[in-house]
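Here the structure comes first, spelled out in structure tokens, and everything after it is commentary.
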Amino acid sequence: MYKEEFYYEADYISIKSCRERIKELSLKFNFYNIFIENIEISIGELFTNIIKHGQKDLVERKDIKITVFIDENRFEMSFEYQGDIPTEDRILEVNRVKEIEHVEELSESGRGIYIINKLMDKLSFEKIGNIAKAVIIKFL
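With our numbering applied, the sequence shown covers 7 to 146.
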């Protein structure tokens, strides 16, 4: 079992650093193919959504706390940040369109959640006070 917490600035440059860190873990824990096929894209989409839609300009703190948990059965990554999460209606709306053939059929604002739902086994959001949390899970 492996668990680590680290922090990134909520900017687009940090996405590459975060992906590289998880890539190294995928090599160390032998799930590199799953990283390349599913996790790498999901990290970029979720990180981008947090910056673009979750934090906006109204947030004081622009950092993201990331917690990674890996065991023999799953990879789990949580993103905690000051800001907003998608509304339940928006998540349900995007989840209802899982049967569409092409991602282009979605509006731009729903593509990230749609892509993550397709690539990961679980995506969840919660908000307590002004702290938002997004979690992605991929079974190994």
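Virtual Cβ for every residue (Gly too), placed ideally from N, Cα, C.
Check                                                                               : Outcome
Terminal residues of the beta strand (DSSP E) in which T93 lies                     : Note, T93: premise wrong, no beta strand (DSSP E); not H, not E.
Option in F41, K58, L31, N36 with minimal Cα separation from A16                    : K58
Residue range of the alpha helix (DSSP H) that includes I119                        : 117-125
Option in E94, K124, L146 with minimal Cα separation from F131                      : E94
Q61 to I49 span [Cα, whole Å]                                                       : 16 angstroms
Boundaries of the beta strand (DSSP E) in which I72 is found, first to last residue : 69-76
N-terminal and C-terminal residue of the alpha helix (DSSP H) that K22 is part of   : 18-34
Among K71, E46, R80, R25, the one whose alpha carbon lies nearest that of M7        : R80
Element boundaries [beta strand (DSSP E), containing L129]                          : 128-134
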